[in-house]
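Working notes for the structure below.
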Amino acid sequence: MPFPGAYALVESFNKLDPRVQARMTLKAAHTLHPGWTFCLFSAAAAHGLQVPQELLSRMHVAISPSESRRKHPGQVACHIDKGGGHVLADNIPCTTLMQTTLDCLCASTFRQGLAIVDSVLHHRLATKEQLIEYFAAHGKGRRGIRQARETLKYADGRSENGGESIVRAVIIELGFETPELQIEIEDPMMPGVSKRADLGWKLSDGRYILAELDGFAKYLTKGARHSKVEKTELAVQSMRAERLRESHLNLTGAVILRFSFAQALDTSYFFQLLATAGVPLAGERTL
2 MPFPGAYALV ESFNKLDPRV QARMTLKAAH TLHPGWTFCL FSAAAAHGLQ VPQELLSRMH
62 VAISPSESRR KHPGQVACHI DKGGGHVLAD NIPCTTLMQT TLDCLCASTF RQGLAIVDSV
122 LHHRLATKEQ LIEYFAAHGK GRRGIRQARE TLKYADGRSE NGGESIVRAV IIELGFETPE
182 LQIEIEDPMM PGVSKRADLG WKLSDGRYIL AELDGFAKYL TKGARHSKVE KTELAVQSMR
242 AERLRESHLN LTGAVILRFS FAQALDTSYF FQLLATAGVP LAGERTL
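For the sequence shown, the residue numbers in the working numbering are 2 to 288.
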């Protein structure tokens with residue numbers, strides 16, 4: 002476990018999802034240092050938010066102005082407590098959800114912040130209106146507040162995971178029209194039954210361009226009830242069902258774009274893919 006005084010079986014720990022690893026490490030740190038209050042991305046992880054993996058490498062602790070910043074140099078980053086109050090999240094002392102969200106969006110990029118704030122809305126931990134009011138009341142003069150407000154403007158709780166949020170952020174950064182999320186289209190082979198796509202655009206002629214984040218991992222069954230072979234077989238079955246769903250959507254005349262997370266982060270490739278498919282640029286058409 003990447004924290005002084007805390008230990009775990011390496012093989013078992015490395016198999017865990019990075020967010021689970023982060024929460025386990027936070028619990029261990031809290032056991033060793035019960036007086037610490039966690040903030041920023043550490044608090045976000047404790048609150049169960051979708052924190053991008055690259056933001057979980059360090060632990061973030063809130064301290065008073067008189068406290069020493071030298072707790073564990075390189076592993077623990079100390080931040081002056083903004084005075085927004087403390088709560089228990091996953092039985093760990095943390096800054097409040099609202100304060101944590103504001104802190105994270107002030108300190109992160111658009112892509113990272115959108116993943117975090119989307120998950121706040123997705124899990125109905127706060128409404129967008131509540132966040133806007135809190136940012137207005139507590140964000141004035143804060144470093145990074147302009148970025149935080151810009152990120153919040155695009156927040157959408159219909160995003161089902163951090164990957165989808167980051168992909169949407171890339172699309173917006175590239176200058177394309179903000180996509181609609183969780184689009185439902187009637188299956189022409191099964192009247193009255195709708196098929197859903199991750200995100201997409203409805204064109205002026207009524208056709209759709211649908212974008213789907215792909216990857217084998219999304220088809221794997223989570224949990225310990227199935228063996229590795231069974232999970233693989235179930236994943237293959239899910240992929241077959243997905244291909245059938247896609248073939249039915251093709252009958253509607255929709256353009257379906259499939260891409261991996263890595264391809265979405267390759268902005269040259271992703272721009273060409275979206276532009277070639279005919280995705281409208283922001284402000285290109287009047288509604």
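Yeah, the Cβ is synthetic: ideal placement off N, Cα and C, and Gly gets one too.
In the structure shown, Arg59 adopts coil according to DSSP, grouped into three states. Closest in alpha carbon position to Lys203, among Thr268, Ala265, Cys40, Ala278, is Ala278. When DSSP states are grouped into helix, strand and coil, Ala156 belongs to the coil group. Out of Leu103, Arg59, Gln273, the CA that lies nearest to the CA of Val171 is found in Gln273.
Taking a cut-off of 8 Å on C-beta distances, the region 252 to 263 touches the region 207 to 217, as three or more cross pairs fall below it.
Contact annotation: the region 191 to 208 does not touch the region 87 to 97, with fewer than three C-beta pairs closer than 8 Å. Taking the Cα positions, Ala137 is about 30 Å away from Arg24. In this structure, the beta-carbon distance from Ala63 to Thr38 falls below 8 Å. For Ala90, the uninterrupted beta strand (DSSP E) segment begins and ends at 87 to 90.
The three-state secondary structure of Asp104, taken from DSSP, is helix. The Cβ atoms of Ala29 and Met60 lie no closer than 8 Å to each other. Taking all protein chains in view, the Cβ of Glu68 is surrounded by fewer than 16 other Cβ atoms within 10 Å, so the residue is classified as exposed. Less than 8 Å separates the beta-carbon of Gly86 from that of Thr97. With respect to Leu175, Thr268 sits close: the two C-beta atoms are nearer than 8 Å. In the DSSP assignment, Ala198 falls within the unbroken beta strand (DSSP E) covering 195 to 203.
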